[in-house]
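Before any comments, here is the structure.
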């Protein structure tokens, strides 16, 4: 049976076939959907954040490490840790009961928000600091079996159960003013409340003055009906209006950060929660908790704006076509333009889905690097040796001249500059420069961008030259130079979003280094090259080394240990992604929580899931450097986004090397078959290529795999 691709995997764009044209034409001529409830506003990071740990699919989570604000509100509030209301139901307790509004209340469990406004204004409930699992549980409860077209209906049903129909006061909040109102009735089907001005009249404006008559006239124009998203419930210590305040917050948050204008026209099936709500909610919290690089966040917000604008243009064109019945040439041209807009809209939506998917966002979000530009050579053509030392003693200077700086050791006269920290030396460097770092402990607040071909070397043992990253930041060391060399130093990373070293392009050689990580370790991006020798990497919460499609990675004599996964290889069968070239020789990969080596690849469809041609096993055997192929190719299956063991752990390093080589050979051959099949369908003939030219690995020998939690090697299908 053919394996189905999950929703998170992006389908290919339409190729302009007859079926696609018919579908686009039908969509263009369809009636315009109902007006949307809320505007799209991309989530913004906030200074106060909530750390959410161990979220499970059923909504349960471990205790958060710190409470904090979870939205973009700029108003200060007291921070009081409270339990989620959804979990309050128990025998004999009814504080979390949705249906019984008359049950006795023991007092509010929500905190008070003291806003920066007129002192006579009442306080409101603090509800915008909810944790991930609190929002997740609520949306899961009333949206799990919901279609996109049924969201409003299900939301209305939820509000019917939890909202107090009348008798509560609220602050009507707009971008221009805030007014105190009283709620006389709630119309859940339209997500609106019937209100009247509260007495005494209270109004706070951003500029100018609004009289009671002006506000009264505005309410009359709105037929005294205000959107629920614009109402903030006035604080009440009795606890009677807790559920009302929370319900309005859930609706407000949903239409601001989760709902998209085009959702209702997408595939109308029963997985809206899994397909859209959950990934967007996770992305929102990843952003406010600084788990997503700022460049990727900016790209996501830009794509949202582009998609919203293109969708409005598409709706305008479709409405203009629906008003005419003629079959004129102008209308035909408009139909073609509508199809172009539709295809462009689909392309933008697929990009958004890739970023929303936690597995794929880092793979597809870094096609271009927005770091510093290379300076190139100095106009004078000279190169400089930069010496970094917090304090320069005469004995150290004497040793430096003897070992590194004398004309005899460099075979030429050299120019020297002295610096007190590595960042200033990197900023002053040009193409061909050398940076010598003396023993010491250096604190780096920024990012070390290495955009030119420079040599960064420590003078002494790695443990004596420590460069430690402090403060929030997206990256530590970023390499884009054509030929970068790093040697004999220890890099220590704290509280970062990206890995300790990212090679975006060019070649980076790392030798005799120690890398103490916190997130992922080393990332080798597409088209980049890394040569890592005799180094020690440990402590990564993700993979120790991530190898991207199209990259070249040589690992020799390294220790990779105490990470989530040892080495993660990302392979894709799409023709525009080349397979990586990997050399692994004499590495010791041990004590990792998951696998020693993990291959991430897409599940093949029925078209490409055909059985391998006769002789595949023999071809694979011929490519094994050690001749041992006792393990057959096996694949894990995706289950709740976890890695599934591909087999039992291999005790000996020879068997582990063979297992990895076998799977990588099969993956590279399968990619070659798919590419040839596509070329054949296009009528393009291509000569058979030697299997060696398509191999993912150059050499995998002598590696040792010890005490890895899930085994030596595993495959993850997405």
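Numbering (my numbering), first residue to last: -18 to 699. Yeah, the Cβ is synthetic: ideal placement off N, Cα and C, and Gly gets one too. Source: prediction; values computed, not measured.
Inset, instruction - Report the partner residues of residue 542 according to the DSSP bridge assignment. - result: For this step, residue 542 is matched to residue 561 along the chain shown. Residue 542 pairs with 519 and 571.
Legend entry - Alpha-carbon spacing of residue 441 relative to residue 97, whole angstroms: For the purposes of this step, residue 441 is taken as residue 460 along the chain shown, with counting starting at 1. For the purposes of this step, residue 97 is taken as residue 116 along the chain shown, with counting starting at 1. Roughly 56 Å separates the two Cα atoms.
Inset, instruction - Determine contact between the region 179 to 199 and the region 120 to 130, defined as no fewer than three beta-carbon pairs at a distance below 8 Å. - result: The way I'd put it, the region 179 to 199 doesn't touch the region 120 to 130; fewer than three beta-carbon pairs between them come closer than 8 Å.
Inset, instruction - To the nearest angstrom, report how far apart residue 489 and residue 467 are at their CA atoms. - result: If you number the chain shown from 1, residue 489 lands on position 508. If you number the chain shown from 1, residue 467 lands on position 486. Their Cα atoms are separated by approximately 8 Å.
Inset, instruction - Give the single residue among 239, 575, 428 and 550 whose Cα lies nearest to the Cα of residue 641. - result: Residue numbering aside, residue 641 sits at position 660 when the chain shown is read from its first letter. That would be 550, whose Cα lies nearest to the Cα of residue 641.
Legend entry - Enclosing alpha helix (DSSP H) for residue 105 [first to last residue]: In the chain shown, the residue the question calls residue 105 occupies position 124. Taken as a continuous stretch (DSSP letters only), residue 105 belongs to no alpha helix (DSSP H), being part of the beta strand (DSSP E) at 105 to 107.
Inset, instruction - For the region 318 to 337 and the region 408 to 423, state whether three or more C-beta atom pairs, one from each stretch, are separated by less than 8 Å. - result: no
Inset, instruction - Return the bridge partner residues of residue 416 from the DSSP annotation. - result: As a first step, residue 416 must be located in the chain shown, where it is residue number 435. According to DSSP, which records beta bridges pairwise, residue 416 is partnered with 367 and 437.
Legend entry - Start-to-end residues for the beta strand (DSSP E) that takes in residue 123: Residue mapping note: residue 123 aligns to position 142 of the chain shown, counting from 1. From DSSP, residue 123 is part of no beta strand (DSSP E) but of the alpha helix (DSSP H) over 113 to 124.
Legend entry - Counterpart residues of residue 396 in DSSP-defined beta bridges: Along the chain shown, one-based indexing puts residue 396 at 415. DSSP, once it has assigned bridges, lists 365 as partnering residue 396.
Legend entry - Cβ shell of residue 422 (< 6 Å), same chain only, five flanking positions each side left out: Counting from one through the chain shown, the residue named residue 422 turns up at place 441. If we look at residue 422 and ignore the five residues flanking it on each side, its Cβ neighbours are 447.
Legend entry - Euclidean distance between Cα positions of residue 176 and residue 165: Your numbering for residue 176 matches position 195 in the chain shown. Your numbering for residue 165 matches position 184 in the chain shown. Cα to Cα, the separation comes out at about 5 Å.
Inset, instruction - Using 10 angstroms around the beta-carbon of residue 312, count the other beta-carbons present and answer buried if the total reaches 16, otherwise exposed. - result: Reading the chain shown from its first residue, position 331 is the one you call residue 312. Residue 312 should be labelled exposed.
Inset, instruction - Provide the residue span of the alpha helix (DSSP H) that contains residue 266, from first to last. - result: By 1-based counting over the chain shown, the position of residue 266 is 285. 259 to 269 is the extent of the alpha helix (DSSP H) around residue 266.
Inset, instruction - Closer than 6 Å by C-beta to residue 355: which residues in its own chain qualify, once you throw out the five before and the five after it? Chain order, please. - result: Taking the first residue of the chain shown as position 1, residue 355 is located at position 374. 432 and 433, listed in sequence order.
Inset, instruction - Below 6 Å CB to CB, which residues in the same chain sit around residue 139 once its five sequence neighbours on both sides are set aside? - result: One-based indexing of the chain shown puts residue 139 at position 158. Within the same chain, residue 139 has close Cβ partners 123.
Inset, instruction - Mind checking who residue 329 pairs with in its DSSP beta bridge? - result: For the purposes of this step, residue 329 is taken as residue 348 along the chain shown, with counting starting at 1. Per DSSP, none; premise fails for residue 329.
Legend entry - residue 374 burial status per 10 Å Cβ neighbour count (16 or more: buried): Here residue 374 refers to the residue found at position 393 of the chain shown. Counting Cβ neighbours within 10 Å, residue 374 comes out exposed, since fewer than 16 surround it.
Inset, instruction - Could you have a look at residue 423 and say whether DSSP puts it in helix, strand or coil? - result: Along the chain shown, read from residue 1 onward, the residue named residue 423 stands at position 442. Three-state DSSP puts residue 423 in a strand.
Inset, instruction - Might you give, ordered along the chain, the residues of its own chain that have their beta carbon closer than 8 Å to the beta carbon of residue 357, omitting 5 neighbours on each side? - result: Taking the chain shown and counting its residues from 1, one reaches residue 357 at position 376. Cβ neighbours of residue 357 beyond the five flanking positions: 411, 412 and 433.
Legend entry - Buried or exposed (CB count within 10 angstroms, at least 16 for buried), residue 143: By one-based count along the chain shown, residue 143 stands at place 162. Flag for residue 143 reads buried.
Legend entry - Inter-residue Cα distance where the pair is residue 713 and residue 342: Past the boundaries of the shown model lies residue 713; the chain is included only from -18 to 699, so the question cannot be answered.
Legend entry - Own chain residues within Cβ distance below 6 Å of residue 517, not counting five before or after: Residue mapping note: residue 517 aligns to position 536 of the chain shown, counting from 1. Only 495 and 540 meet the Cβ criterion.
Legend entry - Secondary structure of residue 529, DSSP reduced to three states: Indexing the chain shown from 1 puts residue 529 at position 548. DSSP places residue 529 outside both helix and strand once states are collapsed to three, so it counts as coil.
Inset, instruction - In the DSSP assignment, find the beta strand (DSSP E) that holds residue 140 and state where it starts and stops. - result: What you label residue 140 is simply residue 159 of the chain shown in a count that begins at 1. Per DSSP, residue 140 belongs to no beta strand (DSSP E); it is in the alpha helix (DSSP H), 132 to 143.
Inset, instruction - State the beta-bridge partners of residue 535 as determined by DSSP. - result: Within the chain shown, residue 535 is the residue found at index 554, counting from 1. For residue 535, which the question treats as bridged, DSSP gives the partners 512 and 564.
Inset, instruction - Going by CA-CA distance only, name the one from 483, 443 and 274 that's closest to residue 528. - result: For the purposes of this step, residue 528 is identified with residue 547 of the chain shown, where counting begins at 1. Ranking the options by Cα distance to residue 528, first place goes to 483.
Legend entry - Buried versus exposed, by CB contacts within 10 Å (16 or more), residue 300: Reading the chain shown from its first residue, position 319 is the one you call residue 300. It is exposed - the Cβ of residue 300 has fewer than 16 other Cβ atoms within 10 Å.
Legend entry - residue 560 beta carbon less than 8 Å from that of residue 524: Translated into the one-based positions of the chain shown, residue 524 becomes position 543. Translated into the one-based positions of the chain shown, residue 560 becomes position 579. Taking 8 Å as the Cβ cut-off, residue 524 and residue 560 do not qualify as a contacting pair.
Legend entry - Segment limits, alpha helix (DSSP H) that includes residue 201: On the chain shown, residue 201 is found 220 positions in, with the first residue counted as 1. Residue 201 -> alpha helix (DSSP H) spans 193 to 202.
Inset, instruction - Could you say if the region 185 to 193 and the region 211 to 227 meet the contact criterion of at least three C-beta pairs nearer than 8 Å? - result: no
Legend entry - Selected residue, minimal CA-CA separation from residue 544, among 501, 506, 257 and 256: Taking the first residue of the chain shown as 1, we reach residue 544 at position 563. Between residue 544 and the set 501, 506, 257 and 256, the nearest pair of CA atoms involves 501.
Legend entry - Sub-8 Å separation of residue 298 and residue 322 beta-carbons: Residue mapping note: residue 298 aligns to position 317 of the chain shown, counting from 1. Residue mapping note: residue 322 aligns to position 341 of the chain shown, counting from 1. Yes. Within cutoff.
Legend entry - Three-state class that DSSP yields for residue 481 in the structure shown: Within the chain shown, the letter at position 500 stands for residue 481. The answer is coil: DSSP assigns residue 481 none of H, G, I, E or B.
Inset, instruction - Measure the CB-CB distance between residue 414 and residue 369 and report whether it falls below 8 Å. - result: In the chain shown, the residue the question calls residue 414 occupies position 433. In the chain shown, the residue the question calls residue 369 occupies position 388. Not closer than 8 Å, so no.
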